[in-house]
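All remarks here apply to the structure that follows.
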Amino acid sequence: MIVSLLTRPRWFDLGVPRDPCCIVSVRLGIFLEHARFPSSSPLFSCAFSLLRCGGFWFFGRSAASSSEEAMAGFWKRRSPFDCNSDHLHCTSVSVLPWPSFLHPRRRVVRIHPETMSDEEREEKELDLSSPEVVTKYKSAAEIVNKALQLVLSECKPKAKIVDICEKSDSFIREQSGNMYKNVKKKIERGVAFPTCISVNNTVCHFSPLASDETVLEEGDILKIDMGCHIDGFIAVVAHTHVLKDGPVTGRQADVIAAANTAAEVALRLVRPGRKNKDVTDAIQKVAAAYDCKIVEGVLSHQLKQFVIDGNKVVLSISNPETRVDDAEFEENEVYAIDIVTSTGEGKPKLLDEKQTTIYKRAVDKNYHLKMKASRFIFSEISQKFPIMPFTARALEEKRARLGLLECVNHDLLQPYPVLHEKPGDCVAHIKFTVLLMPNGSDRITSHPLQDLQPSKTIDDPEIKAWLALGTKTKKKGGGKKKKGKKGDKAEESTEAEPMDESRE
């Protein structure tokens, strides 16, 4: 068995350089993955030393993501193995590698940058400069927009929330599964974020287990949230809908209008050359104009291939307790702009940990789990959901309840808690995916709002100026010039795409 593991073929298709040291490192990595023996043994020490000398970490059944913190730990030669354990047990171990290669069996090969050619390094940094990448983002967006429309058609009084969530996730899996079926290279695709329907003062992440009996009622204000990915290129959307016929009025209309207007302003300010702080300040000002609050703790993240929460972020609200690095938006980046507004204080609380059902694998953490149920569940998660957030509904429910707790307690899973404002508060949620293309910002996920009749109006001239900005940038020179409009600036000319305020 040892011989077969050390001579296992088929790794050159991953782009591994044809260097003897690299080949040995990869094969030793395969061996270490399958082996289980005392870490103090000479065989382990020899194999592990050779593996490090080759510039490789190879282990686990996780998939690739990007994390500067994890990468820093990698280059510090921090051992990915459980140092406190008497035995090596690689099924509970993983690290965030970059650049990396995703094998069909979800094994990850880490290649030392010095062994990569410039061509290979450039190939792995896929962004919107590649037409194929743009197509995959837009394909995922098309699916998620249709799924949102399906959910809205199913939202009726007395409908069970879990049934609607399951129908939406099944639709996303089916539609994404029908794409790229006839390609040689296997492409990962499916749900990027489980469908959530959070009602009234519930802020986010409510995606109940199959046994939950919660139903919708007339007049509920619903926050619908979901995501889809094609080959790791993610499109997410969140939409707010009031379960009633006719126009939405009163504070419900105010809070939805606040979230929508803030989202429209953010769309116009998230452009190359602008700072993330500009967006934070603007959306807070918009919410205040509607006498609403931006909900604390909500972050808008940069999206990358297989990365739903990139390190470039936009804070929804700035305060001394929450700080992020200043960042500048750049061309060919993708962002998930996430806006949550409330008629309350905007300081949601976790009321019941048992309501949490959505988790994401923290691939930069490792721990040797003690409970058999935990190891079983974690193995299932690593195989089925190595990268994207998932719902516990997709796991065996009895074992999941036992095993998830230990995984969360030791930081192997990142929970997405169900948060609540105070009873009686209205909460709205708008989220969209935007591509920062060379010709301007392209919002690829959205759904029309209901007829809103808010009690507040926008009178602030600065907010009106933001809303009057276009989202498409005219290229100077080249091609035929169109007749200019009054007010066009020479420095940054944009097509006039002011926000349509007729819905409010």
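Each residue of the sequence shown is one higher than the one before, counting from 1 in full-length UniProt numbering. Using N, Cα and C, we set each Cβ at its ideal position, and we do this for glycine too.
Exercise for the section: Within the region 231-304, note down every full beta strand (DSSP E) run reaching 3 residues or more, in order along the chain. Expected result: 233-242 and 299-303
Exercise for the section: Pair every Cβ in the region 416-436 with every Cβ in the region 257-268, then say whether three or more of these pairs are closer than 8 Å. Expected result: yes
Exercise for the section: State whether the region 227-239 contacts the region 406-425, with contact taken as three or more CB pairs (one from each stretch) at a distance under 8 Å. Expected result: no
Problem - Three CB pairs or more closer than 8 Å across the region 157-174 and the region 195-212 - result: yes
Practice task
Please list, in chain order, all residues of the same chain as residue 479 whose beta carbon is under 8 Å from its beta carbon, the five residues on each side excluded.
Solution key: Per-residue confidence for residue 479 stands at a pLDDT of 44, beneath the threshold of 50, marking its modelled position as unreliable; the derived number appears in the next sentence. Contacts found: none.
Exercise for the section: With a cut-off of 8 Å on the beta carbons, I'd call residue 296 and residue 372 a contact; round off their distance for me. Expected result: No, residue 296 and residue 372 are not in contact; Cβ-Cβ is about 39 Å, not under 8 Å.
Problem - Beta-carbon contacts of residue 445 that lie in its chain and below 7 Å, excluding the five residues immediately before and after - result: 141, 144, 145, 235, 236, 237, 432 and 433
Handout entry: Nearest neighbour of residue 374, chosen from 309, 172 and 401 [CA to CA]
Key = 401
Practice task
Take residue 316 and list the residues in its own chain whose beta-carbon comes closer than 6 Å to its own, dropping the five residues that flank it on each side.
Solution key: 294 and 298
Practice task
Inspect the beta-carbon positions of residue 155 and residue 222 and report whether they are closer than 8 Å.
Solution key: yes
Handout entry: Coarse secondary structure for residue 405, derived from DSSP in three states
Key = helix
Practice task
Would you decide whether residue 330 is buried or exposed? Buried here means 16 or more other CB atoms lie within 10 Å of its CB.
Solution key: exposed
Problem - Delimiting residues of the alpha helix (DSSP H) encompassing residue 137 - result: 131-154
Exercise for the section: Please name the residue, chosen from 134, 240 and 332, that lies closest to residue 202 on a Cα-to-Cα basis. Expected result: 240
Practice task
Provide the residue span of the alpha helix (DSSP H) that contains residue 382, from first to last.
Solution key: 372-384
Exercise for the section: Report yes if the C-beta distance between residue 376 and residue 399 is below 8 Å; otherwise report no. Expected result: yes
Problem - Where residue 461 sits in the DSSP three-state scheme - result: helix
Handout entry: Which listed residue (152, 360 and 457) has its alpha carbon closest to that of residue 245
Key = 152
Exercise for the section: Pull up the distance between the alpha-carbon of residue 22 and that of residue 197, whole angstroms please. Expected result: With a pLDDT of only 42 at residue 22, under the threshold of 50, the placement of this residue in the model should not be trusted; the figure read from the coordinates follows. Using only the alpha carbons, I get a separation of about 48 Å.
Handout entry: C-beta contact flag for residue 472 and residue 344 at 8 Å
Key = no
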